[in-house]
Amino acid sequence: MTMAPATLTRRGFLRSSGALSFALLSSGGISVLAASTEAQAFADGEVTAWVTITPDDRMTIKFGAAEMGQGVNTSLPMILAEELDADWSRVSVEQVSSDPEGVYGNPGFGGALFAAGSSSLEGYYTYLRRAGAQARQILIQTAAEAWNVAAEEVTTRQGILFHGPSGRSMRYGEVVALPRPQTSRPEGAESSLKPRDSWTLVGTDVERLDIPGKTRGEAVYSIDVDLPGMLYAVQLLSPVEGEHPTINSDAAARAVAGVVDVVPMDHAVAVLAETFTAAVAGRDALDVTWSRSSPFRLADSAEELAALSEAADDLSTDAIVWETRGDGPFDFREGKVVTAHYTTEHVYHAQMEPLNAVAAVDEDGRGAEVWLGTQSQSISIAVAAQVLGTTPDRIRFHAMQMGGSFGRRTVFARVLLRDALLLSRSAGRPVKLVWTREDDVKNAWLRPATVHRLDALLDDQGEVTALRHRIASPSIFEFAMPDRWDPETRRDQLVMEGSESSDYDFPAFRAEHVLLPRRSRLSAWRGIGWGPNCFARECFLDELAASAGSDPVSFRRRLLSKSPRALAVLDAAIEMSNFGTAPEGRAHGLAFAGYKATIATGVAEVSLDGNRLRVHRFWAAVDPGLVIHPQGYRAQVEGGVLFGLSSVLRERTTFTEGQIEQNNFYDYEPIRMSDVPEIEVRLLESGDPPSGGGEIGVPMTAPAVANAVRALTGTSPSHLPFPMGTA
Amino acid sequence: MMVNLNINGRGGEVDADPDTPLLWVLRDELKLKGTRYGCGAGMCGACTVHLDGEATFSCLVRLGEIEGSSITTIEGLSEDGDHAVQQAWIAEQVPQCGYCQSGQIMRAAALLARSPHPSRQEIVEEMSSNLCRCGTYPRIIRAIERAAREA
Numbered sequence: 001m002t003m004a005p006a007t008l009t010r011r012g013f014l015r016s017s018g019a020l021s022f023a024l025l026s027s028g029g030i031s032v033l034a035a036s037t038e039a040q041a042f043a044d045g046e047v048t049a050w051v052t053i054t055p056d057d058r059m060t061i062k063f064g065a066a067e068m069g070q071g072v073n074t075s076l077p078m079i080l081a082e083e084l085d086a087d088w089s090r091v092s093v094e095q096v097s098s099d100p101e102g103v104y105g106n107p108g109f110g111g112a113l114f115a116a117g118s119s120s121l122e123g124y125y126t127y128l129r130r131a132g133a134q135a136r137q138i139l140i141q142t143a144a145e146a147w148n149v150a151a152e153e154v155t156t157r158q159g160i161l162f163h164g165p166s167g168r169s170m171r172y173g174e175v176v177a178l179p180r181p182q183t184s185r186p187e188g189a190e191s192s193l194k195p196r197d198s199w200t201l202v203g204t205d206v207e208r209l210d211i212p213g214k215t216r217g218e219a220v221y222s223i224d225v226d227l228p229g230m231l232y233a234v235q236l237l238s239p240v241e242g243e244h245p246t247i248n249s250d251a252a253a254r255a256v257a258g259v260v261d262v263v264p265m266d267h268a269v270a271v272l273a274e275t276f277t278a279a280v281a282g283r284d285a286l287d288v289t290w291s292r293s294s295p296f297r298l299a300d301s302a303e304e305l306a307a308l309s310e311a312a313d314d315l316s317t318d319a320i321v322w323e324t325r326g327d328g329p330f331d332f333r334e335g336k337v338v339t340a341h342y343t344t345e346h347v348y349h350a351q352m353e354p355l356n357a358v359a360a361v362d363e364d365g366r367g368a369e370v371w372l373g374t375q376s377q378s379i380s381i382a383v384a385a386q387v388l389g390t391t392p393d394r395i396r397f398h399a400m401q402m403g404g405s406f407g408r409r410t411v412f413a414r415v416l417l418r419d420a421l422l423l424s425r426s427a428g429r430p431v432k433l434v435w436t437r438e439d440d441v442k443n444a445w446l447r448p449a450t451v452h453r454l455d456a457l458l459d460d461q462g463e464v465t466a467l468r469h470r471i472a473s474p475s476i477f478e479f480a481m482p483d484r485w486d487p488e489t490r491r492d493q494l495v496m497e498g499s500e501s502s503d504y505d506f507p508a509f510r511a512e513h514v515l516l517p518r519r520s521r522l523s524a525w526r527g528i529g530w531g532p533n534c535f536a537r538e539c540f541l542d543e544l545a546a547s548a549g550s551d552p553v554s555f556r557r558r559l560l561s562k563s564p565r566a567l568a569v570l571d572a573a574i575e576m577s578n579f580g581t582a583p584e585g586r587a588h589g590l591a592f593a594g595y596k597a598t599i600a601t602g603v604a605e606v607s608l609d610g611n612r613l614r615v616h617r618f619w620a621a622v623d624p625g626l627v628i629h630p631q632g633y634r635a636q637v638e639g640g641v642l643f644g645l646s647s648v649l650r651e652r653t654t655f656t657e658g659q660i661e662q663n664n665f666y667d668y669e670p671i672r673m674s675d676v677p678e679i680e681v682r683l684l685e686s687g688d689p690p691s692g693g694g695e696i697g698v699p700m701t702a703p704a705v706a707n708a709v710r711a712l713t714g715t716s717p718s719h720l721p722f723p724m725g726t727a
Numbered sequence: 728m729m730v731n732l733n734i735n736g737r738g739g740e741v742d743a744d745p746d747t748p749l750l751w752v753l754r755d756e757l758k759l760k761g762t763r764y765g766c767g768a769g770m771c772g773a774c775t776v777h778l779d780g781e782a783t784f785s786c787l788v789r790l791g792e793i794e795g796s797s798i799t800t801i802e803g804l805s806e807d808g809d810h811a812v813q814q815a816w817i818a819e820q821v822p823q824c825g826y827c828q829s830g831q832i833m834r835a836a837a838l839l840a841r842s843p844h845p846s847r848q849e850i851v852e853e854m855s856s857n858l859c860r861c862g863t864y865p866r867i868i869r870a871i872e873r874a875a876r877e878a
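Chains Y and C are the protein sequences, given in the same order. Quick note on numbering: the first sequence equals residues 1 to 727 in my numbering. Quick note on numbering: the second sequence equals residues 728 to 878 in my numbering.
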């Protein structure tokens, strides 16, 4: 793609071609470029920055959030198309690769192109509705001027404009051949949005637009990019973070047929070759010695778990208060106190497409064309510009479909993309840098281990009067987003969110973070903090219910009595599962959980055959406020439940002497079909706006399964993964 | 080394190191990119193709071992992308990220060719060779049952 020259327009979706636009002059002044009063057609059918229509009525709608499987390529354009009264059967979509004019970014992420944390629907919802309404108003004005009628008399339906009084009509494809309206600039005001009862597209189960191509092997991931003259790069990566290589001999590597060069880097030795297999063979033939100065040489996951447990239990350790409600006491010295501990181990994303990056640096070394599957085009472009010491306009960026992500592809660009650029610059050729699966596993950015200590005070009636949720963990945020980390407040939303328990009416509540230094590379993982935090809390609530002589349902119902939404998902899941009536030899467990504004209740039906855990069925009742694309949303919940179940059964990364011990899917094995339960999802809609669906399956699953095991055996597993995996 | 292969119904010779895994012959020599690299260890099935009609991990098969074989990849499963399994995949809206789906579809097609009306148990046993991290398994089961019904 080519980049537009740097232009400066008002932030927002209001930019539309053919109207006023401004250019930032090299002097720093602003020049009005095109204030023509002459009638102009829609250049290339571009109605606004978001929407292009061709004379045969085909419409292209852009979307800003990157597609990693979550279906934003369909759900986001649906929002815009609804307000535009588009004919969906003629719509195609286009992922945005860059945003030099600040039009396409997620308003919920400060205008960045960044897809993470189930934020796309929530962040873009109103913005895209207004963008659709604006485009519709432009079409209406255009037709009204052509017909010489009042715009208020023009209506739209399914890609056609109507003027009722005269009985005239015009297709959208005909409108774009007319002169642009000269009267005013529609702004897509919120007051112009369609009322919900007149929606015809949002809430329907249209087919995902990318699925036919994905059934034919046609989807193109960055690992598929092929360029003339392109070299493959494979790296011998530092076995321990922070070590540096000394090449003893690269003669054998260079002797491999197809190997072009061996390039020492700060943290790796790269082998460049004409084929991937030659690059791997060359790497395997390298003779390299590594420095032994990194403090991570001492990192050991078992020691970390022990240290976290100790810190969680040592109440004299300083803790960062994340959330507090009501008055304590929080010392839990008197009265009926219940205390329990829960642990989650390190886990790896295991996205199916191993990390890779493709870069072709320009001859002058100050610009590049880049192909990358990334959760953030904005971060990736900034990284590339920084690496080359250039400006973002010199980075011609292609955001590629991602072969899964789950948090793996947020800030990885600062490693993979940097290296691809450096290697392309030194080779003077395009380079595709590929990590093998083993590289991907061994250089994982993990969800850290967490240890939770929960204390609650019960009164004589068995009611909770105070609850403290204390979480020991290193900071994800500090490592993954160091430039946004506040060392004063040390508030880590990626670890602590989900611990607030805000739907529960505890008279006194505190969540606090005991922050320990990291011993591995860290990042968010599907479900983010909500996964571990809801696991600990929901298991604890079943413990409390038993201590109080109550049962899991009525105990929660009392505590959730002030949250009608929470009661609704609780009741729905109980009804769906006929809770508590599991067949002989099986038991039900439930968990109420959330992810930001989305809330859910999950029920698991399990059995144990000796030490082998089977989850037979899973029911999920989910309220995301509003559902844009129900079958796509269900797919996200199903996938999230299986992701959560996978972490229950056997996912675990361990490291010793700073090195991850797992290698590939044979010793880090995500869930397979043989362990998949029947899953039933019910969506409840409590109203605007929509909230995300990517994460919500995860937080409810582990505690529901643990509580079902408790119902079966009397003891709840308190450790992820459970000791009774299915391996 | 020259190796004779029939790929997607067309015969021809491939000139590559006989130790090269079939996966990389397909992807890099023949530019058939629909067959994916996931693990290189026969653990994920993203590279599944038909080798003389059988679902096979192409990452584990070396070029020198398959002289004269017939190979079908996702690109050659059907003329117009309308194999019963592909149609069922669309009807059940299976793919999410899509990366594993070529391999899933190839394995499902081989299963149905061998066993046109597989039991649920057969489906699960066969398809457990292939990983899907997005968790599309429930829809894969439904799509295979649909393809068996409608074929």
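Virtual Cβ for every residue (Gly too), placed ideally from N, Cα, C.
Residues of chain C with a Cβ closer than 8 Å to the Cβ of Y:ARG394 do not exist; the shortest Cβ-Cβ separation is about 29 Å. Assignment of C:ILE793 by DSSP, reduced to helix, strand and coil, places it in the coil class.
Burial is judged here by how many other beta carbons sit within 10 angstroms of a residue's own beta carbon; Y:ALA302 has fewer than 16 and is exposed. For Y:TYR342, the uninterrupted beta strand (DSSP E) run begins and ends at 336-344, by DSSP. The three-state reading of DSSP puts Y:GLU512 in strand, counting E and B together. Its Cα nearest to that of C:GLU853, the residue C:ALA840 stands out among C:CYS861, C:ALA840 and C:ARG860. The contact set of Y:GLN158 on chain C, defined by CB atoms closer than 9 Å, is empty, because the minimum CB distance reaches about 23 Å.
Contact check for Y:ALA253 against Y:VAL260 fails: the beta carbons are separated by 7 Å or more.
Collapsing the DSSP output to three states places Y:PHE722 in coil. Counting the other Cβ atoms within 10 Å of the Cβ of Y:THR246 gives fewer than 16, which makes it exposed.
Proximity to Y:PHE555 across Y:VAL220, Y:ALA546 and Y:LYS214 peaks at Y:ALA546, based on C-alpha coordinates. The segment 666-673 of chain Y makes no contact with the segment 107-115 of chain Y: fewer than 3 CB pairs, one atom from each, lie closer than 8 Å.
Residue range 120-147 is occupied by the alpha helix (DSSP H) that includes Y:TRP147, with no beta strand (DSSP E) assigned at that position.
The beta-carbon distance between Y:ALA233 and Y:VAL271, rounded to whole angstroms, is 7 Å. This is short enough to meet the 8 Å contact definition. Within the segment 770-793 of chain C, contact with chain Y at the beta-carbon level (separation under 7 Å) is assigned to MET770, CYS771 and ALA773. With fewer than three CB-CB distances shorter than 8 Å, the segment 466-484 of chain Y does not count as touching the segment 391-404 of chain Y. Inside the segment 402-468 of chain Y, DSSP marks whole alpha helix (DSSP H) runs of 4 or more residues at positions 416-427 and 437-442, from first to last along the chain. For C:ALA818, there is no enclosing beta strand (DSSP E); the enclosing alpha helix (DSSP H) has its first and last residue at 811-818.
When only Cα atoms are considered, Y:ASP609 and Y:PRO717 end up about 16 Å apart. Out of Y:GLY462, Y:ARG519, Y:ARG682 and Y:VAL641, the CA that lies nearest to the CA of Y:PHE655 is found in Y:ARG519. Of the other Cβ atoms in all chains shown, fewer than 16 fall within 10 Å of the Cβ of C:ASN731; this residue is therefore exposed.
Looking at the backbone, the Cα of C:GLY736 and that of C:THR783 are separated by about 17 Å. Y:ILE471 is positioned such that its CB atom lies no closer than 7 Å to that of Y:LEU522. A direct Cα-Cα distance of roughly 27 Å separates Y:GLY117 from Y:HIS341. When the five nearest sequence neighbours on each side are left out, the beta carbons in the same chain lying within less than 7 Å of the beta carbon of Y:ARG171 are those of ASP57, GLY159 and ILE160, in order along the chain. Under the three-state reduction of DSSP output, Y:THR713 falls in the helix class. Considering only beta carbons, the part of the segment 667-693 of chain Y lying closer than 8 Å to chain C consists of GLU669, PRO670, ILE671, ARG672, MET673, SER674, VAL676, GLU678 and ILE679, in chain order.
Classified as buried, C:SER856 has 16 or more neighbouring CB atoms from the shown chains inside 10 Å of its CB. Each residue's CA atom was taken as its position, placing Y:GLY213 and Y:TRP88 some 18 Å apart. A straight line joining the alpha-carbon of Y:PHE479 with that of Y:ASP675 spans about 34 Å. Chain-ordered, the chain C residues with CB closer than 8 Å to the CB of Y:ASP210 read PRO822 and GLY825.
Residue pairing of C:THR783 in beta bridges, as defined by DSSP: C:VAL776.
With fewer than three CB-CB distances shorter than 8 Å, the segment 344-364 of chain Y does not count as touching the segment 186-195 of chain Y. Buried is the label assigned to Y:GLU538, since at least 16 other Cβ atoms lie within 10 Å of its Cβ.
A straight line joining the alpha-carbon of Y:PRO630 with that of Y:VAL569 spans about 17 Å.
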